[in-house]
Every structure is written in C-alpha cells, then in structure tokens.
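Asker: Below you'll find the structure I mean.
Protein chains in written order, with the numbering used here: chain A, 1 to 318; chain B, 1 to 251.
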C-alpha cells in the first residue's frame with residue numbers, strides 16, 4: 001500500500017471515529033490504534049485478574065455466610081471481566097497466552113492499587129467503595145469508546161462494578177454503625193486506601209504520556225485530574241454520611257470552584273509501586289505465576305483429551 | 001429442643017456443603033485457567049447458597065435466637081458432622097476434582113431422594129439444589145475423564161488422587177442416629193440404599209477415564225460423629241476467625 005493510500009485510510013478512519021461510529025475487529029485500523037488498544041484492554045484485563053487476589057484473600061474468613069456469598073460472587077465477576085476483556089484483546093490478534101506471558105514477565109502493567117495488602121475485613125468494604133468507585137469513574141466514559149468490542153464489554157463491566165461499589169459501601173455503613181471496634185476498623189481501612197485510590201486515577205495530566213492520542217480515539221474522555229476531582233467530590237459526602245473522616249487535613253470545600261480542594265498526593269509512592277516495589281507486587285506476581293505454572297499439566301491434559309476425542313470421532317465417521 | 005433429630009439431620013446434610021464450599025473458596029484466583037477458576041468459585045457459591053437455606057431452616061427449628069451464622073461458625077470441631085471426604089485439602093487440581101466428583105455423585109443421588117421427603121421445606125431445598133448439583137457432577141466427571149485420559153502425567157496424578165480419597169467414600173453411606181430417626185419418619189434419605197448405584201456410577205466414569213478402580217476395602221470414617229482429620233481444625237480456624245475474634249457483632 002502506498003503512503004498516500006495509508007494516509008487516506010487514516011483520514012477516513014479518524015472521520016469515522018469523529019462521527020462516533022464504532023470500529024469493529026475486521027475494519028482497517030492504524031497499527032498504533034491496534035497496539036494502544038491491546039495495551040489498554042490487556043492492562044484492564046490483568047487488573048481484574050490480579051484484583052481477584054487481595055479480595056480472594058478474605059473469602060475463607062468472611063464474617064458471615066451472606067458476606068461470604070457476596071464476596072465469592074464479586075470475585076467471580078472479576079474473573080468474568082478478565083475473561084471478556086482478554087477475548088476483546090483477541091479480536092485484535094493477540095492470544096490470551098501471549099498476554100499472560102507479558103503479565104508474568106513484568107512487561108505488562110496492571111492497576112497498582114492491588115499491590116497493597118488486605119489486612120482486615122474492612123478492606124473488603126474499602127475496596128468496593130473506593131477502588132471500584134474510582135474504577136467506575138474511569139470506566140463509564142469507556143462505554144462510548146470507539147472500539148466496539150471494548151465499548152460493549154465495558155457496558156457490562158460497569159453495571160457489575162456499580163453493584164460491587166454499593167456492596168462495598170454497604171459493608172462500610174455496617175461497620176461505621178457497629179461497635180467502636182468495627183468503626184475503628186472502617187476508619188483504618190479508609191486511612192490506608194484513600195490515597196492509593198486517588199492515585200488509581202493516574203498521574204497528573206502534566207505527567208501523563210498517553211492522554212492526547214487517547215482522547216482523540218475516545219479511549220479517554222476526561223483528563224486524570226478531572227476524573228480525580230470527580231471521584232473526590234463524589235466520595236467525601238459519602239464518608240461524611242457514615243461518619244468517617246477522609247485522612248487529608250487539607251481537604252476543604254471550595255465555594256468558588258464548587259469542588260473540594262485536597263492535599264498533595266505522594267507521587268513518589270505511586271511511582272515506587274508502579275515500578276514494582278509496592279508492599280505486595282512480588283507476592284501478587286508470584287501467586288499468578290504459580291497458578292499458571294502449576295496449572296500447566298492440567299491445561300496440557302485438557303488439550304490432549306480434546307485431541308483424542310476428536311480423533312475418535314473422526315475414526316467413527318470413517 | 002423439640003425437633004433435635006431433625007435439627008441434627010439438617011446439620012449433617014449442610015455441613016458437607018459448608019466444608020466443601022470452604023475448601024473450594026481457598027482456590028479462587030489460583031486456578032489452572034480462568035475458566036476452571038470461575039467454575040470452582042461458582043460451585044463454592046452454589047454450596048454456600050445451599051448452606052444458607054439449610055441453616056436458616058435449622059435456626060427456625062431450634063426456635064431460640066441462634067442464626068445461620070452461629071450455626072455455621074460458632075460450633076466446636078466435634079460438633080461439625082460433615083464426612084471426612086469434603087474436608088480433605090486441595091493437594092493439587094487432581095485431588096480437588098476427585099474430591100468433588102466422589103462427593104457430587106453421592107450428592108446428586110442424595111438430593112434426588114431428598115426431593116421425596118415428607119418435610120416440605122427439605123424437599124423444596126432439594127428441588128432447588130439438584131439443578132446446581134447436576135451441573136457440579138457433570139463438571140467434575142468431565143474433569144475426571146480429561147485428567148484420567150489426558151497425558152501420562154495427568155493420568156498418574158488423577159489415579160493418585162482417586163486412590164488417596166477412595167478411603168473416604170464408604171462413610172457417605174453410614175447412618176447416624178439422626179439419620180435413622182428421620183428415615184423412620186419419612187423425612188430422611190436412607191443412604192445405605194444409595195451405595196450400589198453410587199459405586200456403579202463412579203466406576204463407570206473411572207473406566208471411561210481409563211483409570212483403575214481402587215481395590216482397597218479399608219475405609220476411614222468418623223466425620224459424621226464429629227471425629228475429623230487433622231485438617232479440620234485449620235479449616236475451622238479460618239472459617240470462624242471473624243466470629244471468634246469479634247464476638248456478638250453484626251457484619
């Protein structure tokens with residue numbers, strides 16, 4: 001294809017996106033579009049899979065049967081999200097195994113928040129309320145993103161996430177209205193998860209490398225800083241409602257902006273965790289790699305069995 | 001308690017689901033593939049759903065202020081009446097599937113009889129559970145075949161798991177005092193009558209999976225009387241942790 005032809009295709013492609021048309025797997029697309037989407041969607045898929053670990057950590061210790069069932073269902077949903085996001089990636093010509101390989105080798109990133117430990121039951125509440133809350137803010141705009149399979153996956157993911165978020169908040173309400181010990185547990189969880197949740201919305205706009213192109217492709221509709229502000233403005237009244245204190249002495253309502261001003265985020269901590277040196281980075285990766293390696297004989301057996309079955313079927317036909 | 005036999009009978013049924021569900025819950029996020037991970041979590045979820053129905057009913061029968069969670073999490077080890085089979089650890093995926101299969105075949109046959117119970121609540125619960133359990137049985141027997149007739153390595157592992165767990169199968173057909181009383185009243189299932197069909201079905205799948213049917217006639221029992229293996233205490237330590245560490249609180 002000549003350079004001019006490619007330019008022409010690119011122009012048509014950008015026009016389609018500008019008209020809000022969906023791009024489908026078999027449509028022509030620029031290589032950079034394909035790669036960017038694989039990167040973002042697989043990062044999202046990896047986050048779902050790694051995200052199963054901190055919450056899975058409390059399944060066996062959930063305090064009541066009702067909570068145990070809800071937690072199991074939630075973690076199962078996350079596995080489901082991972083599954084359709086990996087499938088969406090496959091429509092762009094990359095296999096799930098390749099993506100796992102990228103995750104296990106440390107080449108692919110996932111949401112840094114899951115590198116913090118879940119040390120009390122209240123962390124299940126805080127994760128649902130704050131982490132899923134921040135995820136929804138990130139993800140709702142993606143329901144209208146330009147790549148069809150991603151947009152459709154996100155519609156379903158967002159519905160389930162908002163259910164998880166309410167469920168998490170409900171855990172917090174119960175704790176906040178419980179005994180002093182339960183209330184302390186809730187406050188402690190909020191103290192530990194607040195700042196990492198703010199970081200979850202990504203580096204400040206000045207530091208964010210992908211924003212401009214992503215905006216054009218509707219992979220991003222608002223800047224990280226705007227999303228963060230939206231999250232804070234939404235969450236502070238919820239904390240007040242249940243009598244918990246946001247661990248930020250600089251947090252203050254700004255009448256003029258009709259928004260909350262907030263304190264300095266510790267970006268050194270953010271980059272430390274992103275670079276692999278958070279409290280649980282090594283453990284999370286080890287758990288995934290172990291599951292994958294120890295499961296190899298199982299996957300091989302399933303494959304061998306399927307082949308044998310197919311052979312027998314063919315023989316029967318002959 | 002007026003209906004002590006019925007109460008104990010329900011606990012005997014539900015404890016199997018409780019303990020197996022707990023074991024499966026340990027695996028979430030650590031499965032050999034995303035699909036098996038989802039399936040095992042789903043089975044655990046089904047089992048805990050069943051447990052809730054049984055224990056809510058048991059709490060009603062007890063007629064005091066005890067709740068489903070008190071029954072699930074605040075008994076002493078000797079008061080749990082599950083069979084030894086379901087408390088066995090997740091040694092590897094072959095053990096997990098063999099344990100599941102050896103229980104599912106029993107569970108399906110049991111529920112099919114419990115549907116005929118003269119106790120309408122129990123028959124309604126059985127009616128709801130049997131749909132889930134027939135899926136469990138299909139899932140686990142498929143894995144017995146896949147691993148048995150898969151690769152050399154998987155065959156060895158699956159055979160080891162079947163051999164290792166076989167010793168716990170006979171207990172499924174032992175009757176407790178509560179069992180006998182409930183059978184006499186037309187409420188309970190006579191498990192001794194399920195035994196032949198159970199081994200016939202298990203053997204059929206093992207043969208299809210090209211596995212050897214274990215010949216050992218030495219069996220372990222005790223779970224139904226509350227005498228468990230050494231694994232049980234650790235399992236309960238996790239299951240009961242929150243209720244023990246923070247007593248009398250709502251969650």
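Where is the CB? At the ideal position from N, CA and C, for every residue including glycine.
#1: What runs of the alpha helix (DSSP H), each 4 residues or longer, lie entirely inside the segment 199–269 of chain A?
#2: Is residue 110 of chain A helix, strand or coil when you go by DSSP?
#3: Given that a residue counts as buried once 16 or more other Cβ atoms are within 10 Å of its Cβ, and exposed if not, what is residue 291 of chain A?
#4: Would you tell me roughly how many angstroms separate the C-alpha atoms of residue 130 of chain A and residue 89 of chain B, rounded to the nearest one?
#5: By the 9 Å beta-carbon criterion, what residues does the segment 64–79 of chain B contribute toward chain A?
#6: Go to residue 317 of chain A, then tell me how far its alpha helix (DSSP H) extends in each direction, as first and last residue.
#7: Give me the chain B residues within the contact set of residue 76 of chain A, using Cβ-Cβ distance strictly less than 8 Å, ordered along the chain.
#8: From the beta carbon of residue 36 of chain A, is the nearest beta carbon of chain B less than 7 Å away?
#9: Just curious, the alpha helix (DSSP H) that residue 93 of chain B is in, first and last residue?
#10: Would residue 83 of chain B and residue 171 of chain B qualify as a contact pair, given that the criterion is a beta-carbon distance under 7 Å?
#11: State buried or exposed for residue 63 of chain B, treating a residue as buried only when at least 16 other CB atoms are found within 10 Å of its CB.
#12: Would you mind telling me which residues of chain A sit closer than 7 Å to residue 241 of chain B, beta carbon to beta carbon, in chain order?
#13: Do the CB positions of residue 65 of chain A and residue 284 of chain A come within less than 7 Å of each other?
#14: Along chain A, in chain order, which residues have C-beta atoms closer than 7 Å to that of residue 149 of chain B?
#15: Starting from residue 204 of chain B and walking both ways along the alpha helix (DSSP H), at which residues does that stretch end?
#16: Could you check the C-alpha separation between residue 237 of chain B and residue 48 of chain B for me, to the nearest Å?
#17: So residue 187 of chain B and residue 122 of chain B are supposed to be a Cβ contact under 8 Å. How far apart are they, rounded?
#18: I'd like the list of long-range same chain contacts for residue 44 of chain A, defined as Cβ closer than 6 Å, with 5 residues on each side in sequence excluded.
#19: Just tell me which of B:30, B:196 and B:217 has its CA closest to the CA of residue 96 of chain B.
#20: Are residue 214 of chain A and residue 222 of chain A close, meaning C-beta to C-beta below 7 Å?
#21: Closest to residue 9 of chain B by C-alpha separation, out of B:212, B:81, B:163 and B:106, would be which residue?
#22: Using a Cβ cut-off of 7 Å (strictly closer), state whether residue 32 of chain B contacts chain A.
#23: So what does DSSP say about residue 150 of chain A, is it helix, strand or coil?
#24: Quick check on the burial criterion: 16 or more other C-beta atoms within 10 angstroms. Buried or exposed for residue 141 of chain B?
#25: So is residue 146 of chain B buried or exposed if we call it buried at 16+ other beta carbons inside 10 Å?
#26: Indicate whether at least one CB of chain A lies closer than 7 Å to the CB of residue 146 of chain B.
#27: Chain B partners of residue 52 of chain A, CB-CB under 7 Å?
#28: Just confirm the distance between the C-beta atoms of residue 79 of chain A and residue 235 of chain B, as a whole number of angstroms; I'd bet it's less than 8 Å.
#29: When you compare the CB of residue 132 of chain B with every CB in chain A, is at least one pair closer than 7 Å?
#30: Taking the alpha helix (DSSP H) that residue 54 of chain A belongs to, which residues open and close that run?
#31: I'd like to know whether the C-beta of residue 64 of chain A is nearer than 7 Å to at least one C-beta of chain B.
#32: Got a sec, what are the start and stop residues for the alpha helix (DSSP H) residue 7 of chain A sits in?
#33: Is there contact here, the segment 67–77 of chain A with the segment 237–250 of chain A, by at least three beta-carbon pairs under 8 Å?
#34: Which chain A residues sit within Cβ distance under 8 Å of residue 25 of chain B?
#35: Does any CB atom of chain A fall closer than 7 Å to the CB of residue 238 of chain B?
#36: Residues bridged to residue 23 of chain A by DSSP?
Answerer: Result, derived from the coordinates:
#1: 211–216 and 224–241
#2: coil
#3: buried
#4: 35 Å
#5: 67, 68, 69, 72 and 73
#6: 296–317
#7: 28, 38, 41, 42 and 45
#8: no
#9: 93–114
#10: yes
#11: exposed
#12: 61
#13: no
#14: 305 and 308
#15: 195–208
#16: 18 Å
#17: 7 Å
#18: 85
#19: B:30
#20: no
#21: B:81
#22: yes
#23: helix
#24: buried
#25: buried
#26: yes
#27: 28 and 29
#28: Not confirmed; about 23 Å, so no contact.
#29: no
#30: 31–56
#31: yes
#32: 3–18
#33: no
#34: 59, 60, 68 and 72
#35: yes
#36: A:147
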